[in-house]
Amino acid sequence: MRILGIDPGLRNLGWGVIESNGSRLSHVANGTCKSSGEDLGVRLLSLHTQLMEVLALYLPDQAAIEQTFVNKDGAGTLKLGQARGVAMLAAAQAGLPIGEYAPNRVKKTVVGVGHADKRQVMHMVRLQLPGCDPAGPDAADALAIAICHAHYGGVAGPELREVRA
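For the sequence shown, this note's numbering begins at -11 and goes up steadily by one.
Set out below in structure tokens:
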């Protein structure tokens, strides 16, 4: 099974593709979709276009995305939610089931502790996917989300929500 992990962000949206064959995981590709400018609509369209290119190139079977956590900056949370919505739309347009995972669950799965920092996530992603060199912290987070989905995605329950195109 090929899994696309997505770490949503409005300026930098991380993505990572892995192969899961039983308990064996292997790295396929990773990167960051970048948007710039002031117009929110254009930035969201840019993220969507780039993510659709990733989907067409790597043909994943499933997608996994990090859930949005609410922080003190309501406007920032809303913008993150919009980028997350664009990522979910792209996966749904490709007909992929989408798993959603809380940030702490991803970190607990990959690192062993729910409050790991980005450096720890990067280190553990490299250990779990030999030969992988993440394109940055956002791509490493996306690969961690894909790894989490490989562990939990096959379980029917509230963690995996199917979205059909």
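C-beta: ideal position from N, C-alpha, C; glycine also.
Per the DSSP calculation, GLY(-7) is bridged to which residue(s)?
According to the DSSP secondary-structure assignment, GLY(-7) is paired through a beta bridge with GLY4 and ALA52.
C-alpha gap between VAL113 and LYS106, whole angstroms
In a straight line, the C-alpha of VAL113 is about 10 Å away from that of LYS106.
Using the beta-carbon count (16 or more within 10 Å), is THR20 buried or exposed?
That one is buried.
Quick check: what's the CA-CA separation for SER8 versus ASP121?
In this model, SER8 and ASP121 are separated by some 18 Å (Cα to Cα).
Sufficient close CB pairs (3 or more, under 8 Å) joining the region 90 to 102 to the region 130 to 140
Enough Cβ pairs lie closer than 8 Å, so yes.
For PRO(-4), I'd like the list of residues in its chain whose CB is within less than 7 Å of its CB, leaving aside the five on either flank, ordered along the chain.
Result list for PRO(-4): ILE53, GLU54, LEU68, ALA71, ARG72 and ALA75, in chain order.
Hey, out of HIS137, SER23, LEU66 and ASP49, whose CA is closest to GLN81's CA?
Comparing alpha carbon positions, the residue from HIS137, SER23, LEU66 and ASP49 closest to GLN81 is ASP49.
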